[in-house]
Structures are given as C-alpha cells and as structure tokens.
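S.K.:
Numbering (the numbering used here), first residue to last: 497 to 820.
#1: Here's the rule: buried if 16 or more other CB atoms are within 10 angstroms of the residue's CB, otherwise exposed. What is residue 743?
#2: If the criterion is Cβ atoms closer than 8 Å, does the pair residue 544 and residue 510 meet it?
#3: What residue ranges within the stretch 729–790 form continuous alpha helix (DSSP H) runs of no fewer than 4 residues, ordered along the chain?
#4: May I ask which residues mark the beginning and end of the alpha helix (DSSP H) holding residue 690?
#5: Taking Cβ positions, are residue 537 and residue 592 nearer each other than 8 Å?
#6: In angstroms, rounded to a whole number, what distance separates the CA positions of residue 625 and residue 634?
#7: Excluding sequence positions up to five away, which residues of its chain have a Cβ less than 6 Å from the Cβ of residue 690?
#8: Could you compute how far the alpha carbon of residue 671 sits from the alpha carbon of residue 709?
#9: Just to confirm my understanding: we take residue 516, look at its own chain, exclude 5 residues before and 5 after, and list those with CB closer than 8 Å. What are they?
#10: Does DSSP put residue 809 in a helix, in a strand, or in coil?
#11: Roughly how many angstroms lie between the CA atoms of residue 681 and residue 565, to the nearest whole one?
#12: Sort 749, 747 and 775 by Cα distance to residue 758 and report the nearest one.
#13: Can you tell me where the alpha helix (DSSP H) holding residue 727 begins and where it ends?
#14: Helix, strand or coil: how does DSSP classify residue 561 here?
#15: Tell me the DSSP secondary structure of residue 712 in three-state form.
#16: Please classify residue 589 as buried or exposed, where buried requires at least 16 neighbouring CB atoms within 10 angstroms.
#17: Pick out whichever of 664, 724 and 547 has its Cα sitting closest to the Cα of residue 600.
#18: Leaving out five residues on either side along the sequence, give the residues of the same chain with a beta carbon under 7 Å from the beta carbon of residue 524.
#19: Which residue comes first and which comes last in the alpha helix (DSSP H) that contains residue 667?
#20: CB-CB under 8 Å to residue 693, same chain, minus the five flanking residues each way: which ones, in chain order?
#21: In terms of residues, what are the limits of the alpha helix (DSSP H) holding residue 570?
#22: Secondary structure at residue 511, three-state DSSP: helix, strand or coil?
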C-alpha cells in the first residue's frame with residue numbers, strides 16, 4: 497500500500513504512524529506475557545526478530561530498496577545491537593521477574609532519557625510544554641505501576657528492576673542513534689537492517705529456540721510471531737517514519753500513552769479489571785501526552801524540527817537526503 501502525501505496531509509500521516517506504533521507497542525506487553533510462559537527470554541527475542549526480519553526483507557524486495565548508504569550504518573548497527581537486540585532480551589527477562597505494572601513504570605523512564613540524550617547529543621530543544629507533559633505522564637506511569645504492583649501476585653525483584661531499567665536505557669539510546677541515520681536512509685531501510693543486526697546478535701539463543709519450539713503451545717508461538725510482525729516489523733517502521741519528521745524527545749513523549757493502553761488491553765483481552773487508581777494513572781499518562789504533543793502553533797520553515805517538507809514520498813519509499 498502506498499501513502500501519497502499529495503492526497504493525505506503529511507502531518508496526518510505522521511499522527512497515524514505514531515498512533516499505530518503506540519497501540520502496537522502496547523499490545524506487545526500482553527503478547528510477551530503470554531509467549532513468555534513458554535519461551536525463555538533469549539529464545540523469544542530471537543523468534544520475534546526472525547519473524548520481523550522475514551517480513552522486513554520481503555518489504556525491502558517489494559519496494560526495491562537495497563543497502564542504505566555507508567553514512568547510515570553507524571546508527572543502524574548501534575540501534576540494532578542496543579535496541580532490537582539488548583532491549584528485547586532485557587524486557588523479556590525483566591517481565592519474568594517483576595509484575596507488568598512495575599515493568600511498565602520502569603521502561604517508561606525511557607522517554608525522559610531519550611529527551612535528555614537528544615538534547616545533549618542532537619541539540620534538540622527541551623521546551624517547557626514538553627517537560628511539563630513528560631512530568632504529568634511520568635506521574636501517571638508511577639500511579640499505574642504502583643496500583644498494578646500492589647495487588648495480589650505483585651512482586652518485585654532487584655534483578656528484574658535492573659533489567660527493566662537497562663531496557664529503558666537501550667530504548668532511549670537506540671532511538672537517539674537512529675535519528676541521524678534517517679538523514680541518509682529510508683525508514684524501511686533503517687528499520688530492516690537494524691532488525692537484521694539485532695537478529696544476528698541474538699543468534700546465540702538459536703539452540704534454546706530450537707529446543708523450546710516443539711514443546712510450546714500454539715498460542716505462545718502465535719504470540720511470538722505476532723510480536724515479530726506487528727510490534728516489530730510494522731510498528732518500528734512507522735516509528736522511524738515519524739522519527740524522521742519529529743524531534744526524538746517529542747516523539748518519545750507520545751509513548752507515555754502505552755501504559756494506559758496496556759491497562760485497557762489487559763481489561764479487554766485478559767479480563768483483568770483495573771482499579772480506579774489504575775484508570776486515574778492512565779488518564780494522567782494520556783493528559784501528559786496531550787500537553788507535550790499539542791502546543792500553540794507557530795510558523796515553521798521546511799525541515800524544522802526534523803519534519804520533511806510537504807510532498808515527501810510515501811511511508812517506505814526513498815527520500816532526499818537531509819544535509820542538515
């Protein structure tokens with residue numbers, strides 16, 4: 497499917513890409529919980545990345561996109577190793593040791609780290625609305641985490657906390673590494689080759705995957721495949737599409753909506769009725785995203801804040817290199 501900005505305003509495509517990414521990543525928490533009961537962290541990560549690499553490879557062939565330019569490979573390799581590889585394994589492992597609420601809280605320190613790294617390394621601004629919105633959303637994430645971890649079955653492991661914090665650091669580092677690479681390659685190229693890098697990094701878990709696959713229930717395997725196709729192959733591509741058009745810190749703030757969506761999905765799919773405090777935290781998360789995302793409109797020049805000018809090509813197509 498081709499998205500033409502001549503018919504659909506570019507900002508509408510960007511908002512659509514962000515919305516799809518946030519919902520897909522929220523659904524990943526539910527799928528990880530299911531698949532993680534049958535697969536070890538490394539095996540689940542490798543299976544997920546193998547499925548994603550297959551889908552992304554097919555998309556590359558269909559779109560006739562080859563290797564990205566040499567200048568993009570530094571960001572691709574770092575993002576692939578740290579985000580696709582390290583983050584996936586750390587999160588899978590961490591969620592086996594701490595409850596979902598605590599994991600969501602810890603991983604959601606990532607956008608704060610992302611904004612700070614982007615300001616320090618990429619020179620992005622930290623406007624007051626962004627900082628205020630991040631503060632409100634983080635408070636909401638804390639409320640969600642505390643409310644979900646205080647019930648029956650709630651547990652906290654020091655190792656689990658450390659692993660989730662490592663996942664947050666990997667998440668923030670990977671996004672900041674991707675941003676400069678998008679000046680040279682398309683979102684599809686950056687996503688596909690970052691994913692392939694992460695897959696290669698997880699190959700040491702191939703033996704575990706081969707041993708666990710025959711004994712895993714079909715539902716767990718389907719969840720693993722879903723993780724590879726939707727939250728990874730598709731959602732990471734829509735993420736890089738949006739990242740090419742938004743500052744990393746501002747885009748990262750939108751992911752504070754994830755805990756609120758996770759609560760709703762767990763309610764709808766797992767029958768886990770949220771407490772009123774959990775719902776309040778979810779509303780705070782969404783309110784913070786609104787504060788950070790929607791500010792007074794000011795005139796912008798083409799390309800400001802990482803946005804591409806009107807008339808840019810479609811979601812996965814090639815685009816002009818940004819010399820900035």
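The beta carbon of each residue, even a glycine, is placed where N, CA and C say it ideally should be. Every value quoted in this text rests on a predicted model; they were computed, and no experiment measured them.
M.R.: According to the data block:
#1: buried
#2: no
#3: 731–739, 744–750, 754–766 and 772–789
#4: 683–697
#5: yes
#6: 14 Å
#7: 572, 575, 576 and 580
#8: 31 Å
#9: 730, 731 and 734
#10: In this predicted model, residue 809 has a pLDDT of only 42, less than 50, meaning its place in the structure is not dependable; the value taken from the coordinates is given anyway. The answer is coil: DSSP assigns residue 809 none of H, G, I, E or B.
#11: 7 Å
#12: 775
#13: Segment: none, residue 727 is in no alpha helix (DSSP H) and carries neither H nor E.
#14: coil
#15: coil
#16: buried
#17: 664
#18: 723 and 727
#19: 654–677
#20: 572, 573, 575, 576, 577, 580 and 581
#21: 569–575
#22: helix
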